[in-house]
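>
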Amino acid sequence: MLSRVANTFYWMVRYVERADNLARLIDVIQQLLLDSERLDSERLRGFWQPIILSTGDDEVFSSLYDKAGSAEVIRFLTDDLRNSNSITSCIGLARENARTVRDQLSDELWEEINALYLFTRSEEANRLIASDPPRYYANIRRSAETFLGIASSTISRNEAWDFMDLGRHLERADKTTRFLDVASYLPGGAEGVEMAAPGILHWTAILRSCGALGAFRAFKGGIHARGVVDFLVFSKDFPRSVRFCIEKADVSLHRISGTPRGTFSNDAERETGRLLADLNFGSTEDAFAGGLHEYLDSLQGRFNRIGEAIFESYVLMPERIELCDVDGSRSPSALAAWQMQQQQQQQQ
Amino acid sequence: MEMFKGYDPGKFYDEMFAADSAVRGHCAPLLRRFGQLEQQDFLTRKANSELYFLRQGITFNVYHDKRGTERIFPFDPVPRVMPADEWEHLEAGLTQRIVALNLFLHDIYHDQRILKDEVIPRAYIEQAKHYRPEFRGVDVPADIYIHICGSDLIRGADGQYFVLEDNGRCPSGASYLLENRNALKRAFPGIFDDMGVRPVDSYPRDLLNMLHHIAPRRDGDPVCVLLTPGCHNSAYFEHCYLAREMGIDIVEGGDLVVVDKFVYMRTTRGLKRVDVIYRRIDDDFIDPVVFRKDSVLGVPGLMNAYCSGNVALANAVGTGVADDKVIYYFVPRMIEYYLGQKPILPNVPTYLASEEADLKFILGHLPELVVKAANESGGYGMLMGPTASRDQIATFRERILADPRNYIAQPIVALSRSPTWCDGAMEGRHIDLRPYIIYGNEVKIVPGGLTRVALTKDSLIVNSSQGGGSKDTWVLRH
């Protein structure tokens with residue numbers, strides 16, 4: 000498969016997954032606000048600031064908005080095209096990637112992402128965001144899930160699928176840590192709210208945003224920091240837990256290279272294998288030893304390194320490009336432009 | 000019939016109605032079937048066909064629209080119908096023409112007999128904007144230069160067909176031909192019953208067979224790719240569509256690298272050799288080492304591999320010389336010179352501003368003529384004499400005098416019309432026809448072609464960039 004096409008599949012799915020997660024997050028926080036009584040603007044800000052921070056766009060937000068009230072944050076995260084990580088932006092990028100590999104997608108798969116794109120840019124969407132947000136977010140989630148469902152039933156289990164699966168699980172692992180990290184920004188931090196009543200409210204919201212509340216009850220964990228972290232980071236079975244996602248990413252990487260699992264043939268496999276071992280043999284003790292936020296931060300750093308290593312190994316291939324300089328005809332500027340273009344998609 | 004009540008064929012050649020408003024025999028069954036539709040039903044189905052294009056993403060962007068609104072290319076559901084014998088005539092004429100054009104290109108890039116015999120003045124070739132003298136003596140696979148040709152056909156007031164121009168570089172639009180048929184079949188299945196409409200879906204297969212035919216490596220399965228400028232190109236949908244239908248990879252310039260005069264594509268498993276490139280990038284951009292240095296769309300070193308015979312390009316480099324409207328003037332002479340035959344399809348009468356007598360005539364009749372720049376397309380660089388202002392005419396007079404080699408003039412041909420749904424009524428609109436001729440181990444032409452329609456009342460310009468739409472084209476079996 001063409002390197003560029005592999006990269007495109009990978010990002011197409013990452014952007015769909017990102018939009019899906021964002022829709023979950025905003026919806027749950029909105030619901031949560033309905034449960035809370037009389038929030039003054041300071042408390043309100045306390046609620047939203049972490050959401051913006053959790054998507055990593057704080058600077059952009061501050062430069063565009065004066066205050067962090069519900070209306071502003073929702074607008075920023077949902078359909079502000081100036082925010083390249085808003086739901087509307089993500090769907091636009093996913094669709095742009097899909098358009099590039101349109102020749103390899105089933106008609107139904109293309110139609111689903113295209114329909115979702117047309118929806119996010121429609122008057123109807125605009126109206127729903129204002130009048131019935133839960134329905135808007137439900138639409139986004141349902142369409143994202145339909146997209147993945149159609150993909151899983153119409154894409155051959157070849158490299159295209161492996162790169163899609165890889166993108167989906169890395170994005171999902173990243174977003175799960177960011178959901179958990181929301182707690183760190185709340186007054187008192189994760190440890191502070193562990194036993195307190197508002198803590199339960201927050202942890203419940205986080206579980207719900209991952210669609211994990213039911214599964215968590217069956218897991219019989221207590222709704223407190225350690226129980227939730229144990230589930231969302233270390234669960235072997237829950238499809239949004241970090242460990243589960245990294246396990247899947249490891250499987251995909253080894254299917255792509257054909258290297259047996261437990262060994263590695265490139266940096267992406269090595270980084271992933273290392274992280275997987277830490278998760279397989281680790282526990283909540285590790286997560287809280289140096290502070291939850293620091294732990295999650297280090298996980299996110301490792302996801303990024305895996306992403307970079309995948310890009311280096313399969314898309315950039317620097318050692319192979321050097322080989323191509325043999326006849327001296329590849330002009331450096333064209334190569335640089337190509338690399339820059341590929342990297343533009345690499346927004347974490 | 001309701002929708003056609005009061006339809007006025009006007010003083011033009013109408014594809015569906017004769018001058019006395021009687022329906023032409025081969026259109027009668029179609030008219031009957033449309034007659035059975037209630038207007039409301041017709042409109043619902045028309046809207047469905049539009050939705051099909053929107054959902055398939057067969058759209059273009061509306062500039063200056065921040066939300067990125069997209070529009071579809073207008074599609075008119077009333078097909079253009081062509082009887083079998085009419086098509087046979089066109090097929091024979093187009094085949095004759097592409098064979099002659101290829102002999103001509105081979106000749107001017109080798110011995111230049113046609114110049115030595117003074118059938119075409121040498122200066123016209125050497126001044127042609129897209130002539131590539133540096134490729135003289137380069138052999139191309141199977142001696143084919145134009146593998147895919149889009150020759151635009153028009154019909155005059157008496158129904159006679161003329162060739163308006165040849166597009167021998169990267170003619171586009173074939174995907175619309177195929178998708179128009181799909182959309183019409185979905186929205187109006189009933190009108191196809193027993194009509195004996197010839198299918199068009201062989202196009203991608205014919206295209207792939209041609210690509211295989213020109214592969215330099217004769218052993219095994221050649222690797223063919225489609226080279227696109229990228230997903231921001233307005234024809235990107237078509238590139239994807241054709242690549243998918245053929246089952247070949249669609250590549251951008253950066254996906255290809257040249258090592259030791261061989262072309263490879265960069266895959267996740269390393270470099271893979273490429274044999275044939277169906278390129279949808281113009282000569283100017285295809286290799287920054289040889290042509291435009293600032294092009295980031297192309298592949299550095301590609302021309303080196305091409306001249307060494309290690310990769311085939313469709314179409315070949317340098318075919319643009321045949322698109323030059325001054326060279327077009329000589330195509331009937333090429334047919335006689337190389338084939339010893341009379342041209343089956345005539346050119347539109349053409350005057351060359353670089354010939355003294357013609358120039359005098361052109362300057363004396365500007366308000367009656369259409370003037371065209373020799374190397375422009377898409378309806379640009381044109382003067383439509385009868386509708387032009389005094390200023391426009393004066394401007395063109397200056398331009399012609401300053402650079403006569405670059406201008407031709409033709410009498411205005413009153414293009415034939417076809418009934419078209421326009422805001423609540425059937426009205427006649429002018430149309431042309433772009434067939435797609437494929438030249439591999441044999442000449443293949445998908446029945447019909449893309450019928451383009453000028454949706455603006457009285458307009459003769461069918462280009463999509465200037466308010467044009469399209470129709471399905473039916474060639475009947477009998």
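Protein sequences, first through last, are from chains A and B. If you read the first sequence in numbering that gives the first Met the number 0, its first letter stands for residue 0, the second for the next number, and so on. If you read the second sequence in numbering that gives the first Met the number 0, its first letter stands for residue 0, the second for the next number, and so on. Note that CB positions come from ideal geometry on N, CA and C, so glycine has one too.
1) Kindly indicate if chain A contains any beta-carbon less than 7 Å away from that of Ala321 of chain B.
2) Would you verify that the beta carbon of Ile249 of chain B is, or is not, closer than 7 Å to some beta carbon of chain A?
3) Looking at Leu80 of chain A and Ser88 of chain A, is the spacing between their C-beta atoms short of 7 Å?
4) List the residues of chain B whose Cβ lies closer than 7 Å to the Cβ of Glu158 of chain A, in chain order.
5) Whose CA, out of B:Asp281, B:Glu367 and B:Ile343, lies closest to the CA of Thr318 of chain B?
6) Taking the beta carbon of Glu441 of chain B as the centre, do at least 16 other beta carbons fall within 10 Å, making it buried, or is it exposed?
7) Counting only beta-carbon separations shorter than 7 Å, does Asn84 of chain A have a partner in chain B?
8) Out of curiosity, what's the CA-to-CA distance linking Gly364 of chain A and Phe3 of chain B?
9) Trp109 of chain A versus chain B: which residues are under 7 Å apart at the beta carbon?
10) With distances taken Cα to Cα, identify the nearest neighbour of Glu311 of chain A among A:Asp19, A:Glu270 and A:Glu293.
11) Pull up the DSSP beta-bridge partners for Tyr336 of chain B, would you.
12) Quick check on Cys26 of chain B: does DSSP put it in helix, strand or coil?
13) For the alpha helix (DSSP H) holding Gly306 of chain A, just list the boundary residues, first then last.
14) Closer than 8 Å is the cut-off here; do at least three beta carbon pairs connect the region 397-407 of chain B with the region 430-449 of chain B?
15) Do you know offhand how far Pro132 of chain A's Cα is from Asp26 of chain A's?
16) I want to verify the contact list: residues of chain C whose CB lies under 8 Å from the CB of Ala242 of chain B, in sequence order.
17) For Ala189 of chain A, is the classification buried or exposed, using 16 other Cβ atoms within 10 angstroms of its Cβ as the cut-off for buried?
18) Applying a beta-carbon distance threshold of less than 7 Å, which residues of chain B neighbour Ala5 of chain A?
19) Is the Cβ of Cys169 of chain B closer than 7 Å to any Cβ of chain A?
20) Does the Cβ of His477 of chain B have 16 or more other Cβ atoms within 10 Å, making it buried, or fewer, making it exposed?
21) Who are the Cβ neighbours of Ala248 of chain A in its own chain at under 6 Å, not counting the five residues just before and after it?
22) Measure the alpha-carbon distance for Arg389 of chain B versus Met381 of chain B and round it to whole angstroms.
23) What does a CB cutoff of less than 7 Å around Arg94 of chain A pick up in its chain, not counting 5 residues either side in sequence?
24) Round the Cβ separation of Pro170 of chain B and Gly149 of chain B to the nearest angstrom and send it over; I've been treating them as touching at under 8 Å.
25) Who are the near neighbours of Gly384 of chain B in its chain, counting only those whose CB is closer than 8 Å to its CB and skipping five residues on each side?
26) Go to Gln35 of chain B, then tell me how far its beta strand (DSSP E) extends in each direction, as first and last residue.
27) Verify the CB distance criterion: does Cys239 of chain B have a CB-CB separation below 7 Å to chain A?
28) In whole angstroms, what is the alpha-carbon distance linking Glu318 of chain A and Tyr9 of chain A?
29) Where does Phe302 of chain A land, buried or exposed, given buried means 16+ other C-beta within 10 angstroms?
30) Throw me the rounded Cβ distance for the Ser464 of chain B and Asn179 of chain B pair, which I believe falls under 8 Å.
31) Which of the three DSSP states, helix, strand or coil, is assigned to Glu164 of chain B?
32) Which of helix, strand or coil does DSSP assign to Val222 of chain B?
33) Which residue wins for smallest C-alpha separation from Pro28 of chain B, given the options B:Ile57, B:Ser48, B:Asp192 and B:Tyr130?
34) For a cutoff of 7 Å on Cβ pairs, would you count Asp281 of chain B as touching chain A?
35) Buried or exposed for Ser233 of chain B, going by 16 or more other Cβ atoms inside 10 Å?
36) Is the CB-CB distance between Ile213 of chain B and Ala311 of chain B below 7 Å?
According to the data block:
1) At a cut-off of 7 Å between C-beta atoms, Ala321 of chain B does not count as an interface residue with respect to chain A.
2) Yes, its Cβ sits closer than 7 Å to a Cβ of chain A.
3) Against a cut-off of 7 Å, the Cβ pair of Leu80 of chain A and Ser88 of chain A comes out as a contact.
4) Neighbours of Glu158 of chain A on chain B, chain order: Thr267.
5) Ranking the options by Cα distance to Thr318 of chain B, first place goes to B:Asp281.
6) Looking at its Cβ environment, which holds fewer than 16 other Cβ atoms inside 10 Å, Glu441 of chain B is exposed.
7) When Cβ-Cβ separations below 7 Å define contact, Asn84 of chain A makes no contact with chain B.
8) The first residue shown for chain A is 0 and the last is 347, placing residue 364 of chain A beyond what the model contains.
9) The answer, in chain order, is Gly56.
10) Distances from the alpha-carbon of Glu311 of chain A to those of A:Asp19, A:Glu270 and A:Glu293 put A:Glu270 closest.
11) Tyr336 of chain B is not bridged to any residue.
12) The three-state reading of DSSP puts Cys26 of chain B in helix, counting H, G and I together.
13) Note, Gly306 of chain A: alpha helix (DSSP H), Leu291 to Ile309.
14) Short answer: they don't touch.
15) Straight-line Cα distance between these residues: approximately 7 Å.
16) Judged by its chain identifiers, the structure shown contains no chain C, and its protein chains are A and B.
17) Reliability fails at Ala189 of chain A, whose pLDDT of 48 lies under 50, so the model's placement of it is uncertain and no value is given.
18) Result: Thr267.
19) Using beta-carbon distances, Cys169 of chain B does not count as an interface residue toward chain A, since no partner is under 7 Å.
20) Burial call: exposed.
21) Counting only Cβ-Cβ distances below 6 Å, and skipping sequence neighbours, we find Leu165, His168, Leu169 and Thr271.
22) If you take the alpha carbons of Arg389 of chain B and Met381 of chain B, they lie about 15 Å apart.
23) Hits under 7 Å: Ile112, Asn113 and Tyr116.
24) Contact holds; Cβ gap of about 3 Å.
25) For Gly384 of chain B, the CB contacts under 8 Å within the same chain, skipping 5 residues up- and downstream, are His364, Leu365, Pro366, Glu367, Leu368, Val369, Val370, Ile392 and Ile411 in chain order.
26) Going by DSSP, Gln35 of chain B is part of no beta strand (DSSP E) at all; its letter is neither H nor E.
27) True, the Cβ-Cβ gap to chain A drops below 7 Å.
28) For Glu318 of chain A, the predicted structure reports a pLDDT of 47, less than 50, and the residue's modelled location is therefore unreliable. The matter cannot be settled from this model.
29) So Phe302 of chain A ends up on the buried side.
30) Not confirmed; about 18 Å, so no contact.
31) Of the three classes helix, strand and coil, the one that applies to Glu164 of chain B here is strand, per DSSP.
32) Coil, per DSSP.
33) Closest by C-alpha distance to Pro28 of chain B, out of B:Ile57, B:Ser48, B:Asp192 and B:Tyr130, is B:Asp192.
34) False, the Cβ-Cβ gap to chain A never drops below 7 Å.
35) With fewer than 16 other Cβ atoms inside 10 Å of its own Cβ, Ser233 of chain B counts as exposed.
36) Judged by their CB atoms, Ile213 of chain B and Ala311 of chain B are nearer to each other than the 7 Å cut-off.
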